[in-house]
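Report on one structure; see the data block that follows.
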Amino acid sequence: MGKYIVIQGQNIYDVALHIYGAVEGVTDLLVNNESVSFDTDLKAGDELIYSDDYQINKEVTAYYKMHGITPASGEQHVYPKVFSLPKTVEIYTSAKEVGVEFSVSGNGKIELDWGDNSEVQTITLSDKITVFSHLFDSTIGNKRHVSMYMQGHINQLDISGLRPIELYILKSIPIERFVLNNATLSIDSLPMLETAFGVSLDGLKTNDLTPLLELKNLMSLSLTQTIYRQPTIDAYLIGLVRQHDNRRNCKVVMTARPSGEYREPTRDSNSHYRITSGMEAVWVLTHEPAWNEGGIWEFIINETTYKYEQNH
1285 MGKYIVIQGQ
1295 NIYDVALHIY
1305 GAVEGVTDLL
1315 VNNESVSFDT
1325 DLKAGDELIY
1335 SDDYQINKEV
1345 TAYYKMHGIT
1355 PASGEQHVYP
1365 KVFSLPKTVE
1375 IYTSAKEVGV
1385 EFSVSGNGKI
1395 ELDWGDNSEV
1405 QTITLSDKIT
1415 VFSHLFDSTI
1425 GNKRHVSMYM
1435 QGHINQLDIS
1445 GLRPIELYIL
1455 KSIPIERFVL
1465 NNATLSIDSL
1475 PMLETAFGVS
1485 LDGLKTNDLT
1495 PLLELKNLMS
1505 LSLTQTIYRQ
1515 PTIDAYLIGL
1525 VRQHDNRRNC
1535 KVVMTARPSG
1545 EYREPTRDSN
1555 SHYRITSGME
1565 AVWVLTHEPA
1575 WNEGGIWEFI
1585 INETTYKYEQ
1595 NH
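Residues in the sequence shown are numbered consecutively from 1285, following the working numbering.
Encoded structure:
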């Protein structure tokens, strides 16, 4: 067991952060100090017993030690944080970020945990797109964890200003439009946006676009200035042909050109297309009459338009 001397301005959560690297360590403090509770007002010089072989986040405690930081945020009443809605989105952003923002419209509610000492922010959605910004009130040694607890219908959600380095969508979101521009991350969880008909991923750096194949309601996809290898976009375009069943027609805008020539691919003995390039996949999508009955497929690639024409 170790002994911790409380300094001026510290509360029990500050002490937990300092010793264990996470406020969840407050449980160990309560177990080892029977006279202490969540409501105890600590005074400078108070001694607390703690388990010195127990740490939750070693990176945080190492950061505090390296930089000589002792958390002392004064009186707070924000822990434990209580949520009434299901956790829906987890976003990790760099520990270097000072402030972030996002915009949203719709109907329903969002409860936000900004990943610092601030209270839970409850947002009542409206049809007007509203920007919500936040300045972090604490420093951390690792990436910051922002959580959204959601219920309702989202008209548009733009999380570009959160500058995520990791994105996890934990449950299906009823959503119409989603925007995530200028990010570097995996989009593996985007299939949870299955109702979305508009997605903007401009400036995205990623190794795999095939999760977008699950979004069969998409009618608009923007990939301008998106950075990926040519096989990455080819795999997505060829996948659109091979997994076309029950898919809406879509307008796709991109600046990087897929491989190959815009031409009809050869066919095998069963008259199935042998697609060998991304541009051949674009040709098929813009020439199959049955796939363009309800609306046409259109690709704008580096300002050149390829779309279904009736005389095809």
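Note that beta-carbon positions come from the ideal geometry of N, C-alpha and C, so glycine has one too.
Per-residue DSSP class, three states only, for residue i
i	result
I1375	strand
T1508	coil
E1572	coil
Y1297	helix
L1464	coil
Y1452	strand
E1331	strand
E1582	strand
G1286	strand
T1345	helix
I1424	coil
K1303	It is worth fixing the name first, because residue 1303 is Ile in this sequence and not Lys. Helix.
Short Cβ contact (7 Å threshold) for residue i with residue j
i	j	result
T1345	G1305	yes
L1493	L1464	no
Y1415	E1385	Sequence inspection shows Val at residue 1415; the Tyr mentioned does not correspond to that position. Yes. Within cutoff.
L1507	M1476	no
F1462	L1488	no
K1535	S1504	yes
R1541	I1585	yes
A1300	V1315	no
L1446	I1375	yes
I1394	M1350	no
P1495	I1471	yes
Boundaries (first-last residue) of the alpha helix (DSSP H) holding residue i
i	result
G1523	1514-1526
E1564	1562-1569
N1391	Note, N1391: premise wrong, no alpha helix (DSSP H); beta strand (DSSP E) at 1383-1397.
L1314	1310-1316
Euclidean distance between Cα positions of residue i and residue j
i	j	result
W1567	T1550	12 Å
G1425	I1522	43 Å
G1399	P1515	37 Å
I1511	V1382	26 Å
V1362	H1437	Summary for V1362: the model assigns pLDDT 47, below 50, so the residue's position carries little reliability, and this model does not support an answer.
T1490	I1449	11 Å
D1529	Y1452	27 Å
N1501	K1591	19 Å
Q1360	E1331	Any reading at Q1360 needs caution, since the residue's pLDDT is 48, under 50, leaving its predicted position unreliable; the model's value is listed next. Each residue's alpha carbon lies about 20 Å from the other.
L1524	I1457	23 Å
K1412	S1444	18 Å
W1581	G1482	14 Å
F1367	D1325	25 Å
R1547	H1556	15 Å
L1313	L1497	49 Å
Q1527	D1336	56 Å
E1545	P1573	21 Å
Distance between beta carbons of residue j and residue i, contact taken as under 8 Å
i	j	result
G1329	I1289	7 Å
T1372	M1285	Not a contact, Cβ separation roughly 41 Å.
L1369	G1390	Not really, about 14 Å apart at Cβ, beyond 8 Å.
D1518	S1543	5 Å
S1266	N1439	No information on residue 1266 is available, as it lies outside the stretch 1285 to 1596 that the chain covers here.
K1427	A1379	6 Å
Segment limits, beta strand (DSSP E) that includes residue i
i	result
D1442	1428-1442
V1537	1535-1538
L1380	Strictly speaking, residue 1380 in this sequence is Lys, with Leu absent from that position. No beta strand (DSSP E) contains K1380, which DSSP labels as neither H nor E.
Y1338	No beta strand (DSSP E) contains Y1338, which DSSP labels as neither H nor E.
E1478	Note, E1478: premise wrong, no beta strand (DSSP E); not H, not E.
H1418	1414-1419
I1291	Where I1291 is concerned, there is no enclosing beta strand (DSSP E), given that its DSSP letter is neither H nor E.
S1543	No beta strand (DSSP E) holds S1543; DSSP gives it neither H nor E.
G1482	1482-1484
T1588	1588-1591
T1494	T1494 -> no beta strand (DSSP E), and no H or E assigned at all.
I1407	1405-1408
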